[in-house]
Amino acid sequence: MGEEIVPKEVFARKASGLVREAGLIDAFAFGFLNQGPAIAIWMLLSWGVFLFPSGHLLGSVFLSVAFTLPGVALVWGILGASMPRSGGSYVYNTRIIHPAVGMAVSFGDYFIWWLWIVILAPWVADPGLSTLFGMLDMVEAAEWVRTTVGMFTVATIVNVLGYLFTFYGLRWYLLHQKTVMTLGLITLGLVALILGIHSHEQFVAAWNTAAANYGSLDYEGMVEAAKNTAPEVFNPAMPLLFGTLGLMVVNSWWAHYGWAVNVIGGEVK
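When the letters of the sequence shown are read in order and numbered with my numbering, they come out as residues 5 to 273.
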């Protein structure tokens, strides 16, 4: 009955006019970079813990995955497998609901992505370059990228480079994407290795050595200063359950963004 209404050939690749340019690794890299694992970890361990100190970190991760797998990954995966064209929500909304809905959602997304450009590009300056320059003992450079002029300059360079990577077509973009993903995975692996092979006592000793060189607070002094500055973080009033649910909101930064793979889904199949 369904084939009498809409022939199955309509949804075949040969009927879509698409030329496959992306592969499985490209799609994985697209979703991986859109999720931003390094930034997600930084957010969870910084303002996530600050806002919801009573929450269980690992428990919130498991709950986030449990909710987003059926609610996001499964739904978008089914939609991506059933339609050969790229375009994400625009394609699905126009064909399932109404073209006006697809246009309205895409029009709204246009402004949302502009806001993301304003938010994410300055992060390259601070905390990105400011942290890097600080570790390299380039104090003046670290301070400059935190200024308004410094952040604007760095963000502008990042946006121009991003435009150039997309200007020359999907093939060049995918090459850049895989390169950045590979470097990101290597960096995360090195961080995990360094933290994994050193004990807490070694970390504290290294902290105290660096603090003595720069005339800063030692480890215990830093903890006490943090307690005096934000005592509510060390004595949270929120129950464990509510704190964990709050951390789930922070985890949504990475947990639900895997659906972005479907934006280029038609290029993969």
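Note that the Cβ used here is the ideal one computed from N, Cα and C, for glycine as well.
Residue i and residue j closer than 8 Å at C-beta
{"i": "D130", "j": "R150", "result": "yes"}
{"i": "M185", "j": "L37", "result": "yes"}
{"i": "V109", "j": "S93", "result": "yes"}
{"i": "F54", "j": "V237", "result": "yes"}
{"i": "S64", "j": "T248", "result": "yes"}
{"i": "S58", "j": "M252", "result": "no"}
{"i": "A44", "j": "W176", "result": "no"}
{"i": "G106", "j": "N97", "result": "yes"}
{"i": "V76", "j": "H260", "result": "yes"}
{"i": "N232", "j": "Y223", "result": "no"}
{"i": "A146", "j": "F137", "result": "yes"}
{"i": "Q206", "j": "F34", "result": "no"}
Top-ranked residue by Cα proximity to residue i, from the options
{"i": "P41", "options": "E144, W148 and L187", "result": "L187"}
{"i": "M47", "options": "H260, M242 and V254", "result": "V254"}
{"i": "F246", "options": "V95, L136 and F56", "result": "F56"}
{"i": "L140", "options": "Q39, A33 and A214", "result": "A214"}
Reduced DSSP secondary structure (H/G/I, E/B, other) of residue i
{"i": "A44", "result": "helix"}
{"i": "K12", "result": "Because K12 carries a pLDDT of 47, less than 50, the predicted location of this residue cannot be relied on, and the following value inherits that uncertainty. Three-state DSSP puts K12 in a helix."}
{"i": "H260", "result": "coil"}
{"i": "V164", "result": "helix"}
{"i": "H180", "result": "helix"}
{"i": "M5", "result": "Bear in mind that the predicted position of M5 carries a pLDDT of just 48, short of 50, making it too unreliable to give a figure here."}
{"i": "I100", "result": "helix"}
{"i": "I190", "result": "helix"}
{"i": "G106", "result": "helix"}
{"i": "T157", "result": "helix"}
{"i": "M142", "result": "coil"}
{"i": "F246", "result": "helix"}
{"i": "L119", "result": "helix"}
Unbroken alpha helix (DSSP H) run spanning residue i, endpoints
{"i": "Y172", "result": "Taken as a continuous stretch (DSSP letters only), Y172 belongs to no alpha helix (DSSP H), as it is neither H nor E."}
{"i": "V79", "result": "V79 to S86"}
{"i": "D30", "result": "L28 to Q39"}
{"i": "N239", "result": "No alpha helix (DSSP H) contains N239, which DSSP labels as neither H nor E."}
{"i": "G138", "result": "S134 to M139"}
{"i": "T72", "result": "L61 to T72"}
{"i": "V208", "result": "H204 to Y218"}
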